[in-house]
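Novice: Take this structure first; my questions come after.
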Amino acid sequence: MARYGRFYEEINEKERRFQIFKENVAFVESSNNDASKPYKLSVNQFADLTDEEFIALRNRFKGHECSTKTTSFKYENVTVPATVDWRQKGAETPIRPRPMWYVIKHLASSLLFIIYR
Numbered sequence: 001m002a003r004y005g006r007f008y009e010e011i012n013e014k015e016r017r018f019q020i021f022k023e024n025v026a027f028v029e030s031s032n033n034d035a036s037k038p039y040k041l042s043v044n045q046f047a048d049l050t051d052e053e054f055i056a057l058r059n060r061f062k063g064h065e066c067s068t069k070t071t072s073f074k075y076e077n078v079t080v081p082a083t084v085d086w087r088q089k090g091a092e093t094p095i096r097p098r099p100m101w102y103v104i105k106h107l108a109s110s111l112l113f114i115i116y117r
């Protein structure tokens with residue numbers, strides 16, 4: 001823990017963090033001993049954090065709780081056409097010609113890829 005600059009002022013906090021650290025080291029060793037896993041874990045600066053603390057630290061987005069009272073909305077007595085031409089609705093933009101610098105840039109990068117592949 002000192003390796004990553006972790007120092008605790010209170011002995012209770014130090015003991016609690018050391019217990020969490022030992023549990024995380026045991027998890028790392030258990031995972032690394034599992035031959036079916038193609039990866040290896042190691043101890044880092046987060047080894048003295050609980051899962052909840054790590055998630056809160058790395059994912060600061062709290063999000064909102066979704067309501068469990070969801071309802072479905074169903075359109076009734078509506079006829080829909082078999083096809084829709086979105087161009088007529090103005091939802092699709094017209095095709096614009098690319099400027100010459102754009103064409104040259106992509107041509108050059110394609111050629112370099114072919115040459116140095």
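In this text, residue positions in the sequence shown follow the working numbering: the first is 1, and each later residue adds one. C-beta: ideal position from N, C-alpha, C; glycine also.
How many angstroms separate the CA atom of Lys14 from the CA atom of Ala2?
Specialist: Translated into the one-based positions of the sequence shown, residue 14 becomes position 14. Translated into the one-based positions of the sequence shown, residue 2 becomes position 2. Going by the C-alpha atoms only, they are around 11 Å apart.
Novice: Would you say the beta carbon of Pro94 is closer than 7 Å to some non-hydrogen atom of the ligand HEM?
Specialist: Absent from the structure shown: the ligand HEM. Ligands present: none.
Novice: Could you give the distance in angstroms between the alpha-carbon of Val103 and the alpha-carbon of Ser110?
Specialist: On the sequence shown, residue 103 is found 103 positions in, with the first residue counted as 1. On the sequence shown, residue 110 is found 110 positions in, with the first residue counted as 1. Their backbone Cα atoms lie some 11 Å apart in a straight line.
Novice: Assuming Leu49 and Ile20 are in contact, meaning their beta carbons sit under 8 Å apart, how far apart are those beta carbons, in whole angstroms?
Specialist: For this step, residue 49 is matched to residue 49 along the sequence shown. For this step, residue 20 is matched to residue 20 along the sequence shown. So it is a contact: roughly 7 Å between Cβ atoms.
Novice: Once DSSP output is grouped into helix, strand and coil, what is the label at Leu41?
Specialist: Locating residue 41 in the sequence shown gives position 41, where the first residue counts as 1. Correct three-state label for Leu41: coil.
Novice: Between which two residues does the alpha helix (DSSP H) harbouring Phe18 extend?
Specialist: Here residue 18 is taken as the residue at index 18 of the sequence shown, counted from 1. First-last of the alpha helix (DSSP H) with Phe18: 11 to 33.
Novice: Mark Ala47 as exposed unless 16 or more other C-beta atoms lie within 10 angstroms of its C-beta, in which case mark it buried.
Specialist: Numbered from 1 along the sequence shown, position 47 holds the residue referred to as residue 47. Answer is buried; the Cβ neighbour count reaches 16.
Novice: Taking Cβ positions, are Tyr8 and Gln45 nearer each other than 8 Å?
Specialist: The residue labelled residue 8 in the question sits at position 8 within the sequence shown. The residue labelled residue 45 in the question sits at position 45 within the sequence shown. Contact flag unset, no.
Novice: Relative to the alpha-carbon of Phe54, which residue among His106, Asn24, Thr93 has its alpha-carbon at the smallest distance?
Specialist: As a working mapping, residue 54 is identified with position 54 in the sequence shown. Nearest of His106, Asn24, Thr93 to Phe54, Cα basis: Asn24.
Novice: Pick helix, strand or coil for Ala108, following the three-state DSSP scheme.
Specialist: Numbered from its first residue, the sequence shown carries residue 108 at position 108. Here Ala108 carries a helix assignment [DSSP, helix/strand/coil].
Novice: Excluding five sequence neighbours on each side, which residues of the same chain lie with their C-beta closer than 6 Å to the C-beta of Tyr39?
Specialist: Here residue 39 is taken as the residue at index 39 of the sequence shown, counted from 1. The answer is none, since no qualifying residue turns up.
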